[in-house]
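Chains as they are written, first to last, in my numbering: chain G, 1 to 640; chain S, 1 to 640. Idealized CB from N, CA, C, for every residue including glycine.
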């Protein structure tokens, strides 16, 4: 039995060209992935109860594994280098269907399998990877504890070396040390990668990870293991999240994932990384692919919602009006255009940014030598993009639900399910608020490093005027963008609102100025919790300003790379809609900082309306370009 | 067996005083309602499947009916005047528990029962009301059709008089005429109030309502009735929404709810209201209580979420920091304060506004003569407040969910269930976007009426300067507020940011100026769909500006009425937090229109931070004041 079928889809020329442009350097691999994706059983019956949902999702994973699309890119033994690009694209494809299946695959292959790959060594790879990729061995990624979510450093579970028996003892020291929210823990997982504090001969070596069997072949907890079931959740009902407690569970020494630190047969600890902090962050750095996948998945979910809501708006008629005896098409209301089209534009923008971060991941994980700076920049962007894309997906899906009225609330039209599933994307793989602060702190650290001794208020201000935005990291668009900016920045108030150089200048100024003032305030505030706490909202603003800028630059690079003239022109409009929406949202800030005069600020609204009116006739092509095959949308109310 | 138990609650003094102040003129009746409310079975098991959820909710309604708190205020016969205040307060109380039960009660008593009360006459009252209030007769409010949601005027169902048999024939003329999203339709309803176009002897008299039996005692569809089940939804699983089609169903003539139009035994149509448009809007005006209830219910749901998230933030510790070895309390992060405290402040503000609209409803429905203007203002405010309160509830509950991290996503902690249930509040009883446009159009009509012949650009501008904001309808706070404004408006930039007069002036200016420019643009644009369509975003801005103003004025009146000094001072801070948050959200607009200088605009952020820091130690009292008894919150993660 073959499960392969390609989607039977008729695209407009513009839609096909936009899709190719948005798919960017991954256009071919994505087109092939779409054609090869088993598109039966994309959607789960939304009325399933918990138990049925869980087994449906497990079956779906088996079906995907059988079709060979589940574990793409995940190595199956110690000599297999793996393929990060294939892994990210596979995750994207999974996000075209039931998101519980997507996330459960992420738990199994990205987190559990990924920990074995990245933190383990040859024995672990050869012993477990084949069974992990074939789903014979289902596992958990037991990092988070009830008392420690974002604060991984403070985990309380202990992994204590027992010299007498050459084993490790895994133990939940407190109630707060209970592992929580763990996927596969409530029923299907038979092993877990457990993170805890490694203790050897009374000395603590910080957080390490170890493999611990959880259940016997009958699914019963092994001695010392106590699993719990989180039961109902806001969504993702097909993922069996639960808790795990360890009561002095013993495992053989070799179960420690010892790539970055292990204990030899004589009970001595050693690590290739001497500095414990650096070791910790190197281990955490393996989370980067997961964050990129979560961002990518959220982006796809938003595209599904926008495709559904837009297609509905193109068939649904409301109040009759003069010239519209059968009722005005929902898509023809200006307010409706203002609800959906800027979200579509932002969906494109984030898609281009996602392409760049994926390409960077592939380069960084290619095995070639990578500088610390590149690695760190990748982590910062992956974290930041995850935060803004998951935020966007939640907001966009909610807008789509409401934009479809009561019909949007019916499960059969898919929107509420998508919205409910995506909700937690804002929290898992790094809470968005925490991630954004990390982004800002990373930028602040870079800033301090670059400006070093210059960092006194007067000097930095003066220097910034001179060196301009060299302090800002540049994306691949840099040269082209800098040229655009240079022209526009001379007389910014004279540029048209659609002038890309002016828009880019505004984005750059927002980041530069807010970053400078943050650095100044941080220096003044001094150290300690209270000092930094007072800057919380400023940190968030800087992080978002940074992410908006790299997103715009990615969009500009994406337009540059588009070979088709008509699609290119349409992307230019979408880019303006994205850029002006972003500027409009912060136009108070721009006005307050003398970057935008009142008349110009007031003119943005009319320009947004004009762009929406111009894009409206192409609505269908715009959502075709988002890349979700129409036959896969599965919304009952859409005409065939 | 008595189901009555009062909540065992220990309140801080400040919490108790704030609660009394926020309960306002309804303090005593609400306190009594809380004490009398059957608080067992408040929360439904979130893992219930559809069928179980529906029967659980039906049982819960029976339990509430038995306790005598379900049908409060709903008349049981033709001579019973009913009690609108009791009905609204009862609905609020229901919203403290499972929202499916709340909404199903709203369908049964507010919509179905309400239609019989308001659109029917003595025979209908005497025949059906006792069975409706006792739940012996479960019914539907079959207004919305697949093709006609907000466009009630365009309903396609026909109610045709058949002189031969002295009956009406109810018929779904098209597929689009199918009644949709109807509560109680999927399984429990045995009768429906059906809205359709009344046809008598080939002539159409517009939308009327008629009672139509749906199911036999075995629950099977009667001949000519085809019901359908909407199945899974985004929330409110315990409400059995479905579709109804009518295939030439005959009912006796007396089934027509004929208060505003009926057919006599000789087959002649007559109505106490000659103008068909006026008749239509008079019938629709009966929706006003439903909208007030939906707004009230959404407000309670938001309070529940804010109470849960705040209490969690007061027990949850995160990263350790200097001076905080056990971790910083979540509530002590500035960012967290900025997430929750402005929402709490807005919750108070909307609560005071809700009190006013409820009081107006009681006055208008007291049976005393009411001017058209009062009636119309009530409708406008009920519609507008419904829109902004349901929007607020959705946003606040989502913020609460995310503010509780992964724990917020677990069904046992209540937030995701509340959020999912409240989602549709933004759509039913009037889609928010449509309602806000109606508010703006009503204001525009008033404006045109008041300014009449003066309405040429120059004259209106000049006149507005002279007469100031007399064009704006005033709430009960008017005199006090006008005095405050008069002082502050002389030198607005010199007032402190906490100056209530300045805040009120800003709110008033926002409404006045945007209203004037809307009127100007509307006049210029002329008539027709395209003209008004172009003003869509402007209409929404004006509506929100208006609603923000009446909300602020209600808050000011509420503070005035507060007898306790400490509570009053706290309300002043909350009011500033509400007002400055609202100004901050629109500070771009204020800057663009010369109402706010850049330095002052920039200072608002710091003032918001300062207000949050000042309110933070009182967090517990603030949520106690919101009035949800802690034992009723039902969130598993809260300490006792």
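Original post:
Taking just the CA atoms, how far does residue 581/S sit from residue 68/S?
Top reply: What you label residue 68/S is simply residue 68 of the second chain in a count that begins at 1. What you label residue 581/S is simply residue 581 of the second chain in a count that begins at 1. Going from the Cα of residue 68/S to the Cα of residue 581/S covers about 41 Å.
**OP:** Please name the residue in 302/G, 63/G, 406/G whose C-alpha comes closest to that of residue 423/G.
**Re:** Counting from one through the first chain, the residue named residue 423/G turns up at place 423. The shortest C-alpha separation from residue 423/G is found at 302/G.
**OP:** Let me know if residue 233/G comes out buried or exposed under the rule of 16 or more other beta-carbons within 10 Å of its beta-carbon.
**Re:** Here the question's residue 233/G lines up with position 233 in the first chain. Buried, by the Cβ-count rule.
**OP:** Using a Cβ-Cβ cut-off of 8 Å, state whether residue 158/S counts as contacting chain G.
**Re:** Within the second chain, the letter at position 158 stands for residue 158/S. Residue 158/S has a beta carbon lying at 8 Å or more from every beta carbon in chain G.
Subject >> Neighbour list for residue 601/S in chain G, Cβ cutoff strictly below 8 Å >> reply: On the second chain, residue 601/S is found 601 positions in, with the first residue counted as 1. Residues of chain G passing the Cβ test: 588, 591, 592.
Original post:
Under 8 Å, do residue 620/G and residue 12/G count as touching if we go by C-beta distance?
Top reply: Within the first chain, numbered from 1, the residue matching residue 620/G stands at position 620. Within the first chain, numbered from 1, the residue matching residue 12/G stands at position 12. The Cβ atoms of residue 620/G and residue 12/G lie closer than 8 Å to each other.
Subject >> Nearest-angstrom beta carbon gap, residue 219/G and residue 104/G [assumed within contact, 8 Å] >> reply: The residue labelled residue 104/G in the question sits at position 104 within the first chain. The residue labelled residue 219/G in the question sits at position 219 within the first chain. In fact, because the Cβ distance is near 17 Å, the residues do not count as touching under 8 Å.
Original post:
Count the other CB atoms within 10 Å of the CB of residue 204/S; is the residue buried (16 or more) or exposed (fewer)?
Top reply: The count along the second chain starts at 1 and reaches residue 204/S at position 204. Result: exposed.
Subject >> residue 424/G: contacting residues in chain S (beta-carbon distance under 8 Å) >> reply: For this step, residue 424/G is matched to residue 424 along the first chain. Neighbourhood of residue 424/G in chain S, by CB distance below 8 Å: 406, 409, in chain order.
**OP:** Measure the C-alpha to C-alpha separation of residue 61/G and residue 37/G and round it to an integer number of angstroms.
**Re:** For the purposes of this step, residue 61/G is taken as residue 61 along the first chain, with counting starting at 1. For the purposes of this step, residue 37/G is taken as residue 37 along the first chain, with counting starting at 1. Residue 61/G and residue 37/G: Cα-Cα distance of roughly 13 Å.
Original post:
Whose C-beta lies closer than 8 Å to the C-beta of residue 466/S among residues of the same chain, with five residues either side of it excluded?
Top reply: Stepping through the second chain from its first residue, residue 466/S is reached at position 466. Confidence is the limiting factor: at residue 466/S the pLDDT is only 45, short of 50, which leaves the residue's position unreliable and the question unanswerable from this model.
Original post:
Can you tell which of 41/G, 65/G, 640/G has the C-alpha that lies nearest to the C-alpha of residue 56/G?
Top reply: Numbered from 1 along the first chain, position 56 holds the residue referred to as residue 56/G. Looking at the Cα atoms, 41/G is the closest of the given residues.
**OP:** Using a threshold of 8 Å, state whether the C-beta atoms of residue 406/S and residue 415/S are closer than that.
**Re:** In the second chain, the residue the question calls residue 406/S occupies position 406. In the second chain, the residue the question calls residue 415/S occupies position 415. The Cβ atoms of residue 406/S and residue 415/S do not sit closer than 8 Å to each other.
**OP:** Return the first residue and the last residue of the alpha helix (DSSP H) that residue 87/S is part of.
**Re:** Along the second chain, one-based indexing puts residue 87/S at 87. Counting along the chain, the alpha helix (DSSP H) containing residue 87/S begins and ends at 84–94.
Original post:
What did DSSP end up calling residue 221/S once you bin it into helix, strand or coil?
Top reply: Position 221 of the second chain, counted from the first residue, corresponds to residue 221/S. Assigned with DSSP and collapsed to three states, residue 221/S falls in strand.
Subject >> Identified DSSP bridge partners for residue 242/G >> reply: Taking the first residue of the first chain as 1, we reach residue 242/G at position 242. Partner(s): 182/G, 229/G.
Original post:
Is there at least one Cβ from chain G nearer than 8 Å to residue 328/S's Cβ?
Top reply: Within the second chain, numbered from 1, the residue matching residue 328/S stands at position 328. At a cut-off of 8 Å between C-beta atoms, residue 328/S counts as an interface residue with respect to chain G.
Subject >> Below-8 Å beta-carbon distance, residue 269/S vs any chain G residue >> reply: The sequence position of residue 269/S within the second chain is 269, counting from 1. So no, residue 269/S is outside the interface.
**OP:** In angstroms with no decimal places, state the Cα-to-Cα distance between residue 566/G and residue 14/G.
**Re:** Translated into positions along the first chain, residue 566/G becomes position 566. Translated into positions along the first chain, residue 14/G becomes position 14. Approximately 7 Å, taken between the alpha carbons.
Original post:
Which same chain residues, not among the five before or five after residue 633/S, have their C-beta less than 8 Å away from its C-beta?
Top reply: Counting from 1 along the second chain, the entry for residue 633/S is found at position 633. The answer, listed in chain order, is 304, 307, 308, 311, 414.
Subject >> Same chain only: Cβ atoms within 7 Å of residue 180/G, ignoring 5 sequence neighbours per side >> reply: As a first step, residue 180/G is located in the first chain; it is residue number 180 there, counting from the start. Taken in chain order, the residues that qualify are 144, 145, 146, 243.
**OP:** Spell out a yes or no on whether the region 336–353 of chain S and the region 534–552 of chain S are touching, meaning 3 or more CB-CB pairs, one atom from each, closer than 8 Å.
**Re:** Cβ pair count under 8 Å is three or more, so yes.
Original post:
Buried or exposed: residue 544/S, going by 16 or more other Cβ atoms within 10 Å of its Cβ?
Top reply: As a working mapping, residue 544/S is identified with position 544 in the second chain. By the 10 Å Cβ count, residue 544/S comes out buried.
Original post:
Rounded to the nearest angstrom, how far is the Cβ of residue 339/S from that of residue 403/S, given a contact under 8 Å?
Top reply: In the second chain, the residue the question calls residue 339/S occupies position 339. In the second chain, the residue the question calls residue 403/S occupies position 403. Yes, residue 339/S and residue 403/S are in contact; Cβ-Cβ is about 5 Å, under 8 Å.
**OP:** Tell me whether residue 226/G is buried or exposed, calling it buried when 16 or more other Cβ atoms sit within 10 Å of its Cβ.
**Re:** Residue mapping note: residue 226/G aligns to position 226 of the first chain, counting from 1. Taking all protein chains in view, the Cβ of residue 226/G is surrounded by fewer than 16 other Cβ atoms within 10 Å, so the residue is classified as exposed.
Original post:
Taking the C-alpha atoms as reference points, what is the distance between residue 336/G and residue 330/G?
Top reply: Numbered from its first residue, the first chain carries residue 336/G at position 336. Numbered from its first residue, the first chain carries residue 330/G at position 330. Distance between the alpha carbons of residue 336/G and residue 330/G is about 7 Å.
**OP:** State the CB to CB distance for the pair residue 401/G and residue 419/G, rounded to an integer number of angstroms; the pair is presumed to be in contact (CB under 8 Å).
**Re:** Here the question's residue 401/G lines up with position 401 in the first chain. Here the question's residue 419/G lines up with position 419 in the first chain. Their Cβ separation, rounded to whole angstroms, is 6 Å, which keeps residue 401/G and residue 419/G in contact under 8 Å.
Original post:
Counting only beta-carbon atoms, is residue 96/G nearer than 8 Å to chain S?
Top reply: Stepping through the first chain from its first residue, residue 96/G is reached at position 96. Not one chain S Cβ lies under 8 Å of residue 96/G.
Original post:
Does the region 509–527 of chain S touch the region 604–622 of chain S, meaning 3 or more C-beta pairs lie closer than 8 Å?
Top reply: Flag = no, the region 604–622 of chain S and the region 509–527 of chain S do not touch.
Subject >> Sequence-distant residues of its chain with Cβ nearer than 6 Å to residue 462/G (five each side left out) >> reply: Here the question's residue 462/G lines up with position 462 in the first chain. Low confidence applies to residue 462/G: its pLDDT is 49, below 50, so where it sits in the model is not reliable, and the reading given next is rough at best. Result list for residue 462/G: empty, nothing under 6 Å.
Subject >> Cβ shell of residue 97/G (< 7 Å), same chain only, five flanking positions each side left out >> reply: Residue 97/G sits at position 97 when you count from the first residue of the first chain. Contacts found: 42, 43.
Subject >> Span of the alpha helix (DSSP H), counted from its first residue to its last, around residue 276/G >> reply: Counting from one through the first chain, the residue named residue 276/G turns up at place 276. Note, residue 276/G: alpha helix (DSSP H), 276–284.
Original post:
Can you give, in chain order, each stretch of the alpha helix (DSSP H) that sits fully within the region 147–181 of chain G and has at least 4 residues?
Top reply: The DSSP assignment places no complete alpha helix (DSSP H) segment of no fewer than 4 residues inside the region 147–181 of chain G.
Original post:
In whole angstroms, what separates the C-alpha of residue 222/S from that of residue 251/S?
Top reply: For this step, residue 222/S is matched to residue 222 along the second chain. For this step, residue 251/S is matched to residue 251 along the second chain. Taking the straight line joining both Cα atoms gives about 12 Å.
Original post:
How close, in whole Å, do the beta carbons of residue 384/G and residue 314/G come, if the pair is a contact with beta carbons under 8 Å?
Top reply: For this step, residue 384/G is matched to residue 384 along the first chain. For this step, residue 314/G is matched to residue 314 along the first chain. That belief does not hold up - the Cβ atoms of residue 384/G and residue 314/G are roughly 34 Å apart, past 8 Å.
Subject >> Nearest to residue 19/G (by Cα), restricted to the options 156/G, 349/G, 295/G >> reply: Start at 1 with the first residue of the first chain, and residue 19/G comes out as number 19. Ranking the options by Cα distance to residue 19/G, first place goes to 349/G.
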